[in-house]
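Worksheet: the structure to be examined is printed underneath.
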Amino acid sequence: MNGFFDIFNDKYNNNVKVVNDIYQDKDMASYYNANSIIIDDLYFYLNNLKSADKVLEIGTGNGRIFTPLFNHGIDMYGIEPAKEMIEHIRPKELSNRVFNISLQDFISKESKIYNKVIIPATSISVFSPQEINLFISKYLDEMPFNQFELLFDFLDINFFKATDSKIYRSKLGEYRVYSANYLKEDKVYFNIYLNNGIEEKIGKSVKYIYTEDIIKNMLLKKNYNIEVTHSNNTTRMIISIKK
Ligand SMILES: C[S@@+](CC[C@H](N)C(=O)[O-])C[C@H]1O[C@@H](n2cnc3c(N)ncnc32)[C@H](O)[C@@H]1O
218 MNGFFDIFND
228 KYNNNVKVVN
238 DIYQDKDMAS
248 YYNANSIIID
258 DLYFYLNNLK
268 SADKVLEIGT
278 GNGRIFTPLF
288 NHGIDMYGIE
298 PAKEMIEHIR
308 PKELSNRVFN
318 ISLQDFISKE
328 SKIYNKVIIP
338 ATSISVFSPQ
348 EINLFISKYL
358 DEMPFNQFEL
368 LFDFLDINFF
378 KATDSKIYRS
388 KLGEYRVYSA
398 NYLKEDKVYF
408 NIYLNNGIEE
418 KIGKSVKYIY
428 TEDIIKNMLL
438 KKNYNIEVTH
448 SNNTTRMIIS
458 IKK
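Counting in this note's numbering, the sequence shown runs from 218 upward without gaps.
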């Protein structure tokens with residue numbers, strides 16, 4: 218399985234260029250920036266962060282949530298492996314607070330100086346259960362603080378069922394873009410086709426679907442406080458460590 222479906226698979230079979238990582242591609246990152254997903258997660262994070270907190274966001278992308286949180290007075294830092302996404306952070310000086318590394322690099326550096334870590338739904342879905350387990354065992358379990366919180370949210374399967382296989386066609390200046398989410402077993406394949414007037418390309422991003430039970434099972438053996446709320450097809454969790 219190549220991870221492409223419908224018209225995207227036709228393009229694949231017609232040898233249209235395949236982009237390795239859609240977040241590292243200049244055009245696709247610009248398109249993402251212009252079409253930033255509307256998710257009402259800002260108030261969840263704002264309500265649970267204080268200006269005295271030192272907060273790290275995993276996968277800041279273009280700063281969709283990172284920038285408003287910083288503007289509300291939170292001491293925000295971030296990690297983001299895609300330079301093309303960081304380029305879109307405004308004002309540019311704010312990108313000095315975003316380290317160009319991946320979650321895996323971050324774990325290996327063991328930089329435990331943040332008292333809160335956030336992972337928005339758009340980012341947690343790109344991590345496999347193995348990667349999340351690694352984060353739990355190498356970062357959370359070894360957290361030296363008495364008080365630490367991990368805050369994250371994830372989209373429920375109903376959201377993916379409602380949008381399954383629907384192709385969205387849009388035009389942005391010279392760009393013609395088609396995109397769709399394909400729900401297959403426990404994963405969603407986001408497919409994108411972009412024509413920038415000079416070349417055509419396709420890309421995909423595999424998203425993992427999480428449920429409250431999957432996450433709770435991962436944390437089962439540990440003595441964590443788990444606070445769960447639900448809102449508009451989204452599950453929100455706050456994991457606190459009290460040693
Ligand atoms: C869908 S974007 C979401 C960006 C931002 N959080 C938002 O809400 O708009 C997912 C981001 O996760 C980043 N990402 C992918 N793999 C990652 C990894 N291994 N570690 C950290 N970030 C990663 C991607 O580069 C991308 O910018």
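Idealized CB from N, CA, C, for every residue including glycine.
All figures in this text were calculated on a predicted structure; none of them were measured in a lab.
Excluding five sequence positions before and after Asp-381, the CB atoms of its chain that fall closer than 6 Å to its own CB belong to Leu-400, given in chain order. Across the structure, Pro-346 and Ile-324 are spaced so that their CA atoms are roughly 15 Å apart.
Comparing alpha-carbon positions, the option among Ile-239, Ile-443, Val-236, Lys-424 lying closest to Thr-339 turns out to be Lys-424. Apart from the 5 residues on each side of it in sequence, Leu-259 sits with its Cβ closer than 7 Å to the Cβ of Ile-282, Pro-285 in its chain, given in chain order. At least one heavy atom of ligand 1 lies less than 7 Å from the C-beta of Tyr-240. Cβ-Cβ distances below 6 Å link Gly-280 to Ile-306 in the same chain, with the five nearest sequence neighbours on each side left out; the list follows chain order. With a cut-off of 7 Å, the C-beta of Leu-286 is classified as distant from ligand 1, since no heavy atom of the ligand falls inside that distance. Here the alpha carbons of Asp-223 and Gly-295 stand approximately 36 Å from one another.
Tyr-427 sits in coil when the DSSP states are folded into three classes, being neither helix nor strand. Around the Cβ of Glu-416, a 10 Å sphere holds fewer than 16 other Cβ atoms; the residue is exposed. When rounded, the separation of the alpha-carbon atoms in Gln-321 and Ser-448 is 30 Å. Assignment of beta-bridge partners to Thr-446 by DSSP yields Arg-453.
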